[in-house]
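Novice: Okay, handing you the structure first.
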Amino acid sequence: MIRFENYIRVKTVKEAYERNQSFQNVVGGGMMWLHLSEGEYDTLIDLCDLGLDQIEEEETYLKIGAMTTLSQLENSERIKEYFGSTFEDCLKHIVGVQFRNSATIGGSIVARLGFSDIITLLLPLETQLRFYSQGQISLQDYLSGKNQRDILEYILIPKKKKTIRFESIRRTYTDTAVLNVCGTKEEDGYRFAVGARPGVAILVKEDEEVLFGDNQRGSKEYRKHVYEILKKRIKESLEEETCG
Amino acid sequence: MRIELNINSRKVCADIDPDMTLQKFLREKKYYSVKCGCETSNCGACSVLLDGKPVLSCSVLAVRAQGYRIETLEGLKEEAEEIGAFIADEGADQCGFCNPGFMIAAIALFREDPEPSDEKIRIYLSGNLCRCSGYEGQMRGLIKYRDQRRTA
Ligand SMILES: Cc1cc2nc3c(=O)[nH]c(=O)nc-3n(C[C@H](O)[C@H](O)[C@H](O)COP(=O)(O)OP(=O)(O)OC[C@H]3O[C@@H](n4cnc5c(N)ncnc54)[C@H](O)[C@@H]3O)c2cc1C
Ligand code: FES
Ligand code: FES
């Protein structure tokens, strides 16, 4: 379990950023992942007083504070208005209601977990991230870049009424995914985000090759096979929706 | 560091290590309904309510719970007895270790939605693991509880 000597609730994002420049300190989001780490730190920097827990609507995008919980996303009428039940369909598998009442969207992105359903869900939505120091970058670029000890403030999702579908295969209802896929139909064809490969999710076109690997949840071959099936399910479901 | 928590409407003050979890704190203060199951956010046995919402106390820092209303099963006796009787009637309790976590989740569910569908009950309780039963007893009990409230 994580150990730290001091705890501070920062009052500004600037303060969080400055304190986070020391390798001896660590930022706490929902703490659900972090508390399992074996790290020993000087100070835990808690972001809970920064008001970053709102889902707001700007002219062209939904602006989601990094400390917004997975339950807030799951139950948000604003999100349902733009993306139907897809967020709910995706998030309901993550551990349980109690867990989702604490885990945050910001921590879910910064942790860059290979099995993350949330990253897979957000990739086809052209999600942008707003950091305190780096400014705005796409989620896709963030995933391939280095961790810069920055503070994630907002997640920006363009307000295009996109039809998306999320599918995953799990050994039990709330286990982490063996494979997760989120698809959407663009003007020039389908796009699929593929996660739990077991590496972190990537965004590909329909016929693009995806690299899979082995872990204790499934083999490379199994994942490859399952990918074709999930892709087919998503395409059929998206076609149904477009044809009414 | 010094903290002050509101537990079952009682003010509790203590000096703690900053990295102490709410679960450890509550058990030290003899709230034994809060169980230590996995301590890795997986089983639901340590569930408590924070401002009415169920959370896993093994994964919440005690210091972060300041300013919230914390409720454990010790403070929810009436609701727990009412729902618990239906679960017990279905033979769902075997060793009983998972029961307080289930009760906390069930109380939160029925407060949030007095008439949940069977599917909603299943999803809401999916974060609570039971090593003894096959969950069917808990499901039957909660469905019967919901149905008798409908007709009452
Ligand atoms: C038992 C278990 C099962 C899980 N199962 C699933 C699953 O099935 N599907 C799934 O998608 N996910 C799953 N997860 C991951 C979970 O959904 C969250 O993604 C994870 O807990 C991180 O979110 P958090 O808010 O708890 O972040 P924390 O644990 O607080 O932080 C995670 C990391 O992000 C950093 N951080 C947090 N917030 C910020 C910020 N605003 N700016 C900069 N850095 C920040 C922290 O320093 C830390 O390094 C699981 C996690 C656990 C523990
Ligand atoms: S003891 Fe907290 S989830 Fe298992
Ligand atoms: S009754 Fe034994 S763990 Fe559930």
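Listed in order, the protein sequences are those of chains B and X. Just so we're aligned, residue 1 is where the first sequence starts under this note's numbering, counting upward by one. Just so we're aligned, residue 1 is where the second sequence starts under this note's numbering, counting upward by one. For every residue, glycine included, the Cβ atom is placed at its ideal position computed from N, Cα and C.
For a test of the three-state rule: what should DSSP assign to G37 of chain X, helix, strand or coil?
Specialist: Coil at G37 of chain X, not helix or strand.
Novice: Could you check whether the Cβ of P163 of chain X sits closer than 8 Å to any Cβ belonging to chain B?
Specialist: Chain X is shown from 1 up to 152; residue 163 of chain X falls before or after that span and cannot be answered.
Novice: Taking only three categories from DSSP, how would you classify F102 of chain X?
Specialist: helix
Novice: What does G127 of chain X touch in chain B if you count any residue whose Cβ is under 7 Å from its own?
Specialist: V95, G96, V97, Q98, F99 and T174
Novice: Name the residue from B:T86, B:D175 and B:L152 whose alpha carbon lies nearest to the alpha carbon of A16 of chain B.
Specialist: B:L152
Novice: Closer than 9 Å by beta-carbon distance: list the chain A residues that pair up with L61 of chain X, in chain order.
Specialist: Protein chains in the displayed structure are B and X, and chain A is not among them.
Novice: Near E40 of chain B, which residues of its chain fall below 6 Å by C-beta distance, leaving aside the five closest residues on each side in sequence?
Specialist: R3
Novice: Quick one: what does DSSP say C90 of chain B is sitting in, helix, strand or coil?
Specialist: helix
Novice: Consult DSSP for R165 of chain B and reduce its assignment to one of helix, strand or coil.
Specialist: strand
Novice: So, do the segment 2-19 of chain X and the segment 78-85 of chain X have three or more beta carbon pairs nearer to each other than 8 Å?
Specialist: no
Novice: If you pair each beta-carbon of the segment 68-85 of chain B with each one of the segment 22-34 of chain X, do three or more pairs fall below 8 Å?
Specialist: Touching, no.
Novice: Assign T127 of chain B to buried or exposed, taking buried as 16 or more other Cβ atoms, counted over all protein chains shown, within 10 Å of its Cβ.
Specialist: buried
Novice: With 16 other CB atoms within 10 Å as the buried threshold, where does Q148 of chain X fall?
Specialist: The residue in question, Q148 of chain X, is exposed, as its Cβ has fewer than 16 Cβ neighbours within 10 Å.
Novice: On the CB-based measure, 16 or more other CB atoms within 10 Å of its CB, does S117 of chain X come out buried or exposed?
Specialist: exposed
Novice: From which residue to which residue does the beta strand (DSSP E) around S144 of chain B run?
Specialist: Looking at the DSSP string, S144 of chain B is not in any beta strand (DSSP E); the run it does join, the alpha helix (DSSP H), is L139 to S144.
Novice: Can you give the Cα-Cα distance for R165 of chain B and E88 of chain B, rounded to whole angstroms?
Specialist: 11 Å
Novice: D117 of chain B: beta carbon under 7 Å from a heavy atom of ligand 1?
Specialist: yes
Novice: Rounded to a whole number of angstroms, what is the C-alpha to C-alpha distance between Q148 of chain B and E136 of chain X?
Specialist: If I take the Cα positions, the gap works out to 48 Å.
Novice: Assign I70 of chain X to buried or exposed, taking buried as 16 or more other Cβ atoms, counted over all protein chains shown, within 10 Å of its Cβ.
Specialist: The C-beta of I70 of chain X has 16 or more other C-beta atoms within 10 Å across all chains shown, which makes the residue buried.
Novice: Please report how far the alpha carbon of D141 of chain B lies from the alpha carbon of Y145 of chain X, in whole angstroms.
Specialist: When only Cα atoms are considered, D141 of chain B and Y145 of chain X end up about 51 Å apart.
Novice: Less than 7 Å between the CB of I39 of chain X and some heavy atom of ligand 2, yes or no?
Specialist: The question names Ile, yet the displayed sequence has Glu at residue 39 of chain X. Correct: E39 of chain X has its Cβ closer than 7 Å to ligand 2.
Novice: With DSSP collapsed to three states, give me the class of S56 of chain X.
Specialist: Note on residue identity: the sequence assigns Leu, not Ser, to residue 56 of chain X. Reduced to three states, the DSSP call for L56 of chain X is strand.
Novice: Please name the residue, chosen from B:F99, B:Y154 and B:F115, that lies closest to L125 of chain X on a Cα-to-Cα basis.
Specialist: B:F99
Novice: According to DSSP, is A103 of chain B part of a helix, a strand, or is it coil?
Specialist: coil
Novice: Can you tell me which residues form a DSSP beta bridge with T21 of chain X?
Specialist: X:L61
Novice: Check the Cβ-Cβ distances between K80 of chain B and every residue of chain X, and say whether any is below 8 Å.
Specialist: no
Novice: Against K231 of chain B, what residues of chain X qualify as contacts under a CB-to-CB distance less than 8 Å, listed in chain order?
Specialist: The premise fails here: K231 of chain B is roughly 26 Å from chain X at the closest Cβ pair, so nothing lies under 8 Å.
Novice: Could you tell me the boundaries of the beta strand (DSSP E) in which R2 of chain X lies?
Specialist: R2 to I7
Novice: Starting from the C-beta of R131 of chain X, find all residues in its chain whose C-beta is less than 8 Å away, skip the five residues before and the five after it, and write them out in chain order.
Specialist: C95, F97 and C98
Novice: Would you tell me roughly how many angstroms separate the C-alpha atoms of L62 of chain B and T21 of chain X, rounded to the nearest one?
Specialist: 34 Å
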